[in-house]
Amino acid sequence: MATVDKMPMLQEGHDALTAHLKQLKAERPLIVDAIEEARAHGDLSENAEYHAAKERQGQIEASISDIEDKLSRAQVIDPRDLSGDKVVFGATVTLLDEDDKPVTYQIVGQTEADAKGGRISYNSPLGRALIGRKVDDEVEVTVPSGDRYYVVSKIEFI
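Using the numbering used here, read the sequence shown as starting at -1 and increasing by one per residue.
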């Protein structure tokens, strides 16, 4: 059973999920047609096209259900409406690593995370370590490659 916990996300993340849901719903009738066509080929026990189409149908239905659940729990947050001196969901945080090299991340929802794109989930090890921190706070994060140390250099709400 789905939890009723709110799922924070940015508007861009909400829009991306909505677009993906629309695309999946548009694919539904195409899969039904593919199943009917494969069924017309006869014996279903050895009909690879039929089994592939049924598998894809199951994947689509599961994805639709998952996205609808996320959207129903979505709490859209606009970082420009936020302020303060602590790292919160939606904040853009500039960190200095151990070599004083700056690295910037925006704290986003799980479905929006893209570390290479500078967006980390609030639920990731670094995201969890940053929430509630202030400028000049030191942050230690344990990642698969070992412990990493950062200093919060700047917090923005953009």
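We put the CB at the ideal spot given by N, CA and C, even for glycine. Please read these numbers as outputs of a predicted model, since none were measured by experiment.
Less than 8 Å separating the beta-carbons of VAL74 and MET7? If you number the sequence shown from 1, residue 74 lands on position 76. If you number the sequence shown from 1, residue 7 lands on position 9. Yes; because the gap between Cβ atoms is below 8 Å, this pair is in contact.
Mind the definition here: the stretch 132 to 151 touches the stretch 103 to 121 only if three or more C-beta pairs lie below 8 Å; say whether that holds. No, they do not touch.
Taking all protein chains shown into account, do 16 or more other C-beta atoms lie within 10 angstroms of the C-beta of LYS99, making it buried, or fewer, making it exposed? Against the sequence shown, residue 99 aligns to sequence position 101. Burial call: exposed.
Going by Cα to Cα distance, which pick from PRO77, VAL85, ALA127, THR16 is closest to ILE62? Along the sequence shown, read from residue 1 onward, the residue named residue 62 stands at position 64. Measuring C-alpha to C-alpha distances from ILE62 to each of PRO77, VAL85, ALA127, THR16 identifies THR16 as the nearest.
Does DSSP put ALA72 in a helix, in a strand, or in coil? Counting from 1 along the sequence shown, the entry for residue 72 is found at position 74. Correct three-state label for ALA72: strand.
Just list the beta strand (DSSP E) runs in the stretch 1 to 60, keeping only unbroken ones of 3 residues or longer that don't cross its boundaries, in chain order. Fully enclosed beta strand (DSSP E) runs of 3 or longer: 5 to 7.
Which partner residues of SER119 appear in the DSSP bridge assignment? As a working mapping, residue 119 is identified with position 121 in the sequence shown. Answer by DSSP bridge pairing, in chain order: VAL106.
Whose CA, out of ILE29, LEU22, TYR147, lies closest to the CA of LEU94? Position 96 of the sequence shown, counted from the first residue, corresponds to residue 94. Among ILE29, LEU22, TYR147, the Cα nearest to that of LEU94 belongs to TYR147.
Nearest residue (CA-CA) to PRO123, options PRO142, GLY115, GLU136, ASP83: The sequence position of residue 123 within the sequence shown is 125, counting from 1. Of the residues PRO142, GLY115, GLU136, ASP83, the one whose Cα lies closest to the Cα of PRO123 is PRO142.
Return the chain-ordered list of same chain residues with a C-beta closer than 6 Å to the C-beta of GLY107, the five sequence neighbours on each side being excluded. Taking the first residue of the sequence shown as 1, we reach residue 107 at position 109. Hits under 6 Å: PRO6, MET7, GLY11.
Residues in the same chain with beta-carbon distance under 6 Å from GLY88, minus the five sequence neighbours each way, listed in chain order, please. As a position in the sequence shown, residue 88 is number 90, starting the count at 1. For GLY88, where only same-chain residues beyond five positions count, the Cβ hits under 6 Å are ILE75, PRO77, LEU80.
Taking all protein chains shown into account, decide if GLN104 is buried (16 or more other Cβ within 10 angstroms of its Cβ) or exposed. Translated into positions along the sequence shown, residue 104 becomes position 106. By the 10 Å Cβ count, GLN104 comes out buried.
Between the Cα of ALA32 and those of ALA50, LYS23, SER43, LEU19, spot the shortest distance and give me the residue it belongs to. Looking up residue 32 in the sequence shown gives position 34. Answer by Cα proximity: ALA50.
Spatially closest choice to GLU34 from GLU25, LEU22, HIS18, LYS52, by CA coordinates: In the sequence shown, the residue the question calls residue 34 occupies position 36. Selected option, being the one with the closest Cα: LYS52.
Extract the residue ranges of the beta strand (DSSP E) inside the stretch 123 to 155, only unbroken runs of 3 or more that lie entirely within it. Fully contained in the stretch 123 to 155 are the following beta strand (DSSP E) runs of length 3 or more, in chain order: 136 to 141, 144 to 154.
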